[in-house]
Every structure is written in C-alpha cells, then in structure tokens.
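*Asks:* Just so you know, numbering that gives the first Met the number 0 puts 244 at position 245 of the sequence shown, and the rest follows in order with no gaps. All C-beta atoms, glycine included, are put in the ideal place defined by N, C-alpha and C.
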Amino acid sequence: MVTTPGGGKDTLVQIRDLSVTYHTRLGPLSAVSGVSFDIRRGEILGLVGESGCGKSTLGRALMRMVAPPAEISQGQLLFDGEDIMAYDGEKMRDFRGRRVSMIFQDPLTSLNPVQRVDEHVVEAIQVHEPQTTIRVALNRARTLIQTLGIRANRLRDYPHQLSGGMRQRVMAGLGLVLNADLIVADEATTSLDVIVEAKLLDEFKRLRDEFNLTILLITHNIALVAQIADRIAVMYAGQMAEVGDVVTVFDDPCHPYTEGLLRSVPNVKLNEREVLYKMGGEPPNLTHPPMGCRFHPRCPMAMPICSAEEPALLPVVGDVEHLVHCWLHQPQTRGAEAQA
Ligand code: SF4
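(1) Pair every Cβ in the region 206-225 with every Cβ in the region 130-144, then say whether three or more of these pairs are closer than 8 Å.
(2) Taking 6 Å as the limit between beta carbons, can you name the residues of its chain near residue 321, skipping five residues before and five after?
(3) Contact defined as beta carbons within less than 8 Å: I believe residue 228 pairs with residue 45. What is the distance between those atoms, to the nearest angstrom?
(4) Taking the CB atoms as reference points, tell me whether residue 254 and residue 240 lie closer together than 8 Å.
(5) To the nearest angstrom, how far is it from the Cα of residue 278 to the Cα of residue 294?
(6) Applying the criterion that 16 or more other CB atoms from any shown protein chain within 10 Å of the CB defines a buried residue, is residue 2 buried or exposed?
(7) Mind the definition here: the region 195-204 touches the region 165-180 only if three or more C-beta pairs lie below 8 Å; say whether that holds.
(8) Can you tell me the Cα-Cα spacing of residue 30 and residue 77, whole angstroms?
(9) Mark residue 160 as exposed unless 16 or more other C-beta atoms lie within 10 angstroms of its C-beta, in which case mark it buried.
(10) Let's see if you can read the secondary structure: which residues bound the beta strand (DSSP E) around residue 133?
(11) Do residue 101 and residue 165 have their C-beta atoms within less than 8 Å of each other?
(12) Short of 7 Å in beta carbon distance, which residues of its chain neighbour residue 262, apart from the five on each side in sequence? Order them along the chain.
(13) Of the residues 112, 317, 318, 313, which one's Cα is nearest the Cα of residue 331?
(14) Compute every distance between the C-beta of residue 310 and the non-hydrogen atoms of the ligand SF4, then say whether any falls below 7 Å.
(15) So which of 323, 265, 318 has the shortest CA-CA distance to residue 292?
(16) Would you say residue 17 and residue 79 are within 8 Å of each other, going by their C-beta atoms?
(17) Could you tell me whether the Cβ atoms of residue 95 and residue 180 are closer together than 8 Å?
(18) Compute the distance between the beta-carbons of residue 58 and residue 185, then report whether it is under 8 Å.
(19) In the structure shown, what three-state DSSP assignment does residue 301 receive?
(20) At a threshold of 7 Å, does residue 300 count as lining the ligand SF4 (C-beta to nearest heavy atom)?
(21) Answer yes or no: the CB of residue 253 versus the heavy atoms of the ligand SF4, is any distance below 7 Å?
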C-alpha cells in the first residue's frame, strides 16, 4: 500500500506505482520500482539519492523518454489531471517542451556539434511556437543567455567553443526558453563553478517566484537541495525512501538511509575530533534486489521483519505530509526497535 497526500488543485504531477525495467542480458533490472509521489505546482522538489538509485531514470520516465532496453513496466503518470501514458506522438511532442522541459546532465551529448548556440535556441522555440519569428526568438535567446551570465555574442559560437560551464548554462537556457510549466533539471549544476551555480539557482528561484514555475531538481548533492528546495524526495535502490518538507526532513529524518546521507555531508562546523559518517555496504544489484526492505543489508536499525517483508510508504505519526518507507514507522511495528 502506498499513501500519497495531494492530488488537489495544487498538484501538477501525480506519479502512481511507477516502475521502469531495463531488460539486460542478466535479466530484468528494476531501476524504478513502484514509486508514488506528487509534484506540486510552483514548488522546487529535490530528488536525491546515490548514483544508480533510479532518480535520472525516474526523471526521464516523467517525460516518457525511456527507450529500449528500458520500458515503463507499470504505473500511472498524471499531468494536470491528464493521463500522459495515453498521449500519442503528436501530443507527446507538444507536451515535451511546452509543458515539461528537461535540462540534461551531459551538455556535450545533448547539443548538436554542428549547430551554433543561436540555432539551437531558435529551433527549440520554433518547433513549439512556429508563429514566433527568428528575430523575436533571437531576442528571447539573447535576454535569457545574458541572465545566465553569458555574453550575447557567444550565441554565434558552436558548442565546442564554449567552456563546460557555459555549455551547461546553454542547456539550462534551452530548458527555460519555452516557459514550460515543469522543468526537470537532472544534475543541472554538476559541472558549474560555485558562482555560476548560484546564478542558475537564483534564476530557478526567480522563475518559480515570478511565474509559478515548478522544478524537479534531480541531484546527488543534498546540500543543494537544502539551499533551494521546498520539499525533498529521497530515493534508494529504485524506491522512494522518504518524502517531506525540506526543513522537516533535514531536522528530523525518519528513514535510516536519509539519516545516513545527511550525516555524511561535509560540514565546516565539524570539530577535529568528529569524523564524517560513512555509510557501510554497497547499493544492491537491482537485477536481484534484496527481499523485504532493499536497505536492510546496510541498515543499522534492521529488524527481523525488514528482510522478510517490504514496508509501505506511509505518513509519519502527526505529519501526513511526511512519508517514510520503513518498518520503524508502520503502525504494527512502530517502536519495535526500542524493544529489540
Ligand atoms: Fe532499516 Fe528496516 Fe527501516 Fe529498512 S525497514 S530502513 S531495514 S529499519
């Protein structure tokens, strides 16, 4: 059973019981397994987890950009109340770009090496807004690119003439130029220096505040989420471990994995006697995930039931907005660790 509050008028995206499977030579790999959560209109939701936890696959699945050997093997995706799994080619093309844009993590493989930056931007605008003239599209490109800290004359450059950070900003610009309702930003700031990263984050916040833009920020950098996000969703081994308001989860994490992640963030306040927490073990092989809770082989709080049965994603007592996928917070076993 999965409980997810929301689904009202403030909910932009509803993801229900979504699974993505890769068909590999070693058998089916469940990269995303029965994930349910909502994205609310006008919020910045940080989606975090270790490499390989399924967060980027989930971001792509949201745009139905999962290609063979992977497939969305089950689940429901509702955007503004509409079932986007039922969209055909034409409707889907319009949906991607006009309603949802993605900022990818690897700009070099996403930008066409023989197209100048201005050609990328004009093409992106005119595919979705054929009535927009080249002059108007170029003006929009110029304004946006300057906002992201790149001089307008660099629009005439080819991708290889830009630095890695500039290419990343161009990618961000392409994601933002269509004024979509939802931006899926996948490790969008990974290759940026801290000053440029701060500019891009400010731009995200400005767009959220001025235009009620919704942003799904996919990152392994939990500190980034603390800076900018309203809510946080923590993934582990293809499943949702914990979802909640960012302040609540940072102050009082309920899933042992979230707690471990937070304790392993470098902190300048650590004194010389304190050591950074190091989570033991390795993420599981998702072609043969562990029975029960997938975190149990690494969990310092594991109980006998954890390796036998999978818990549900349920609200923490007293906070229906804070969901956790852990036996420590299920009605039938709550408090059991105190007796163990
Ligand atoms: Fe740990 Fe059990 Fe909770 Fe999994 S269900 S996180 S093993 S306590």
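*Replies:* This is what the structure holds:
(1) Remark: fewer than three beta-carbon pairs, one from each stretch, lie closer than 8 Å, so the region 206-225 and the region 130-144 are not flagged as touching.
(2) Excluding positions up to five away in sequence, the list reads 243, 247, 315.
(3) Contact between residue 228 and residue 45 holds: CB atoms are separated by about 4 Å, below the 8 Å threshold.
(4) At the C-beta level, residue 254 and residue 240 come within 8 Å of one another.
(5) If I take the Cα positions, the gap works out to 11 Å.
(6) Any reading at residue 2 must be qualified, since the residue scores a pLDDT of 47, below 50, and its modelled position is unreliable; no value is offered.
(7) Touching, per the Cβ criterion.
(8) Answer to the nearest angstrom: the Cα atoms are 20 Å apart.
(9) Flag for residue 160 reads exposed.
(10) Segment 133-146 is the alpha helix (DSSP H) holding residue 133; no beta strand (DSSP E) there.
(11) No, the Cβ-Cβ distance between residue 101 and residue 165 is not below 8 Å.
(12) Take residue 262, set aside five residues on each side of it, and the residues of its chain with a beta-carbon closer than 7 Å to its own are 276, in chain order.
(13) Nearest of 112, 317, 318, 313 to residue 331, Cα basis: 313.
(14) The answer is yes for residue 310.
(15) The shortest C-alpha separation from residue 292 is found at 323.
(16) By the CB criterion at 8 Å, residue 17 and residue 79 fall outside the cutoff.
(17) No, Cβ-Cβ distance for residue 95 and residue 180 is not below 8 Å.
(18) Result yes, Cβ atoms of residue 58 and residue 185 sit closer than 8 Å.
(19) Shown here, residue 301 sits in coil according to DSSP, grouped into three states, outside any helix or strand.
(20) Between the ligand SF4 and residue 300, a heavy atom-to-CB distance of less than 7 Å is present.
(21) No; taking the cut-off as 7 Å, the Cβ of residue 253 has no heavy atom of the ligand SF4 nearer than that.
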